[in-house]
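Participant: Each residue of the sequence shown is one higher than the last, beginning at 63 in my numbering. Glycine included, each C-beta is placed from N, C-alpha and C at the ideal position.
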Amino acid sequence: MVRPWILLLLLLLAISPPSHSSTVHNNNWAVLVCTSRFWFNYRHMANTLSLYRTVKRLGIPDERIILMLADDMACNARNSYPAQVFNNENHMLNLYGDNVEVDYRGYEVTVENFLRVLTGRHETAVPRSKRLLSDEGSHILVYMTGHGGDEFLKFQDNEELQSHDLADAVKQMKEKHRFKELLIMVDTCQAATLFSQLQSPGVLAIGSSKKGENSYSHHLDSDIGVSVVDRFTYYTLAFFEKLNMYSNASLSSLFNSYDSHLLMSTASYREDLYRRPLSEVPVTNFFGSVMKTFHTDFAYTGFSMEPEAHISLVSETDSRRTLGSENAQTEAANHNAKDNCPFHAWLKVLEDKLDNENAEKLVLYGLGSMVLLLAISTLLSV
63 MVRPWILLLL
73 LLLAISPPSH
83 SSTVHNNNWA
93 VLVCTSRFWF
103 NYRHMANTLS
113 LYRTVKRLGI
123 PDERIILMLA
133 DDMACNARNS
143 YPAQVFNNEN
153 HMLNLYGDNV
163 EVDYRGYEVT
173 VENFLRVLTG
183 RHETAVPRSK
193 RLLSDEGSHI
203 LVYMTGHGGD
213 EFLKFQDNEE
223 LQSHDLADAV
233 KQMKEKHRFK
243 ELLIMVDTCQ
253 AATLFSQLQS
263 PGVLAIGSSK
273 KGENSYSHHL
283 DSDIGVSVVD
293 RFTYYTLAFF
303 EKLNMYSNAS
313 LSSLFNSYDS
323 HLLMSTASYR
333 EDLYRRPLSE
343 VPVTNFFGSV
353 MKTFHTDFAY
363 TGFSMEPEAH
373 ISLVSETDSR
383 RTLGSENAQT
393 EAANHNAKDN
403 CPFHAWLKVL
413 EDKLDNENAE
423 KLVLYGLGSM
433 VLLLAISTLL
443 SV
């Protein structure tokens, strides 16, 4: 006779929940961080606001963007264009417009708060608007710009984020199922060293420079008196200005667009922790919105502008109204009867699994059904 605990174990294995790797990608988040203070670091705020504008234009809403700005250059007394920030000397685009929502500003931008955002370890009083409310179906873009060195990034010229701090935070995020895939983009000197300690799967990282290299600004604005954008971010923006939220440009095309002669440094990235070929991953998987597609059995015919069609539709609706009301109670009774049937409940579970998971789960649930039938037949034969 088969032991009952063995049957129970097999059944639990058969109906175990899907693994994290099979989770569907269903939302995108962006964490954009400017770590520098003081007027001469104007370009770092412009870098961050430029990425903020780009991801919003490509479809990520404000409620899924965490924007951290360590200083307010727009209101600085040295700014000859009050309440405005530009990333180009032609002053055609004000990055600090009416629709900018800053989540952490000034002295709120600290290493501690940044790590709390990533790991979700906030105090109770922190509002939802300041939290990264991602889940196991999230793709997250983390962009950081400022001054850095070998395996560190300076925050406000006062403290440092170490590479092992970042790696530990990402590890916690992975363990807590806070992302499906993560892209880390760093624009600072020796940027590639900041993600050298990463070990968590599903993580992709790119930096503006390798170890021992500096990252440089692109151009000076003589009216403002300082550089207004860094080279790596400038050419990243140039790539995205050609795209919209429906574009199929891949991550490999983005990475291949960086020219070391134009950057005056070598863009470096890590893909050993990332399982998918970069040529098959659209950039909008991280920089844009998640497009939901609904499949129907009928071709789209648009809306008819003829009044006869509208009258026919109304008449048909009126003619069916009585019949629908008469059948409502019968359908409700049949539905309740089906819900009380255990076999119907089991079939419903199988049906839901087939709708939401891949075909491999069908085999597992078939095994579970066979084990259950075997247990019943064994008990009846005793």
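Spatial neighbours of Leu436 within its chain, please: CB distance less than 6 Å, with the 5 preceding and 5 following residues excluded, ordered by chain position.
Facilitator: The residue labelled residue 436 in the question sits at position 374 within the sequence shown. Taken in chain order, the list of residues that qualify is empty.
Participant: Identify the residues that DSSP records as bridge partners of Gly269: which are they?
Facilitator: Working through the sequence shown from its first residue, we reach residue 269 at position 207. Partner(s): Val248 and Ser330.
Participant: What are the uninterrupted segments assigned as alpha helix (DSSP H) that are 4 or more residues long and contained completely in the segment 96 to 180, given in chain order?
Facilitator: 104 to 119
Participant: Once the 5 residues before and after Met432 are set aside, which same chain residues still bring their CB inside 8 Å of it?
Facilitator: Here residue 432 corresponds to residue number 370 of the sequence shown, with the count starting at 1. For Met432, where only same-chain residues beyond five positions count, there are no Cβ hits under 8 Å.
Participant: Kindly list the residues whose CB is nearer than 7 Å to the CB of Glu198, restricted to its own chain and excluding five residues on each side of it in sequence; keep chain order.
Facilitator: Here the question's residue 198 lines up with position 136 in the sequence shown. So the qualifying residues of the chain are His82, Thr85, His239 and Lys242.
Participant: Check each candidate in Ser314, Gly350 and Ile122 and name the one with the smallest Cα separation from Val343.
Facilitator: As a position in the sequence shown, residue 343 is number 281, starting the count at 1. Selected option, being the one with the closest Cα: Ser314.
Participant: So for Thr346, helix, strand or coil by DSSP?
Facilitator: Taking the sequence shown and counting its residues from 1, the one referred to as residue 346 is at position 284. Thr346: helix per DSSP, three-state reduction.
Participant: In this structure, what does DSSP give as the bridge partners for Gln259?
Facilitator: For the purposes of this step, residue 259 is taken as residue 197 along the sequence shown, with counting starting at 1. For Gln259, which the question treats as bridged, DSSP gives no partner whatsoever.
Participant: Among Val291, Leu325 and Ser351, which residue has its Cα nearest to the Cα of Asn310?
Facilitator: Position 248 of the sequence shown holds residue 310. Nearest of Val291, Leu325 and Ser351 to Asn310, Cα basis: Ser351.
Participant: What do you get for Thr440, buried or exposed, if any count of 16 or more other CB atoms within 10 angstroms of its CB means buried?
Facilitator: Working through the sequence shown from its first residue, we reach residue 440 at position 378. Result: exposed.
Participant: Quick one, are the C-beta atoms of Asn156 and Arg126 less than 8 Å apart?
Facilitator: Stepping through the sequence shown from its first residue, residue 156 is reached at position 94. Stepping through the sequence shown from its first residue, residue 126 is reached at position 64. Contact: no.
Participant: Which of the three DSSP states, helix, strand or coil, is assigned to Asp230?
Facilitator: Counted from its first residue, the sequence shown places residue 230 at position 168. Helix, per DSSP.
Participant: Could you pull out every residue in the same chain whose Cβ sits closer than 8 Å to the Cβ of Ser284, ignoring the five residues on either side in sequence?
Facilitator: Here residue 284 is taken as the residue at index 222 of the sequence shown, counted from 1. Result list for Ser284: Glu151, in chain order.
Participant: Among Gly168, Glu213, Met206 and Val164, which has the Cα closest to the Cα of Lys192?
Facilitator: Within the sequence shown, numbered from 1, the residue matching residue 192 stands at position 130. Among Gly168, Glu213, Met206 and Val164, the Cα nearest to that of Lys192 is on Val164.
Participant: Any idea if Leu442 is buried or exposed, counting beta-carbon neighbours within 10 angstroms, 16 or more meaning buried?
Facilitator: Indexing the sequence shown from 1 puts residue 442 at position 380. The residue in question, Leu442, is exposed, as its Cβ has fewer than 16 Cβ neighbours within 10 Å.
Participant: When you compare the CB positions of Ala253 and Ser225, do they come within less than 8 Å of one another, or not?
Facilitator: On the sequence shown, position 191 is the one that residue 253 refers to. On the sequence shown, position 163 is the one that residue 225 refers to. No. Outside cutoff.
Participant: The ligand HEM and Cys251: does the residue's C-beta get closer than 7 Å to at least one heavy atom of that ligand?
Facilitator: Inclusion of the ligand HEM in the displayed structure is not the case, the ligand content being empty and no account of it being possible.
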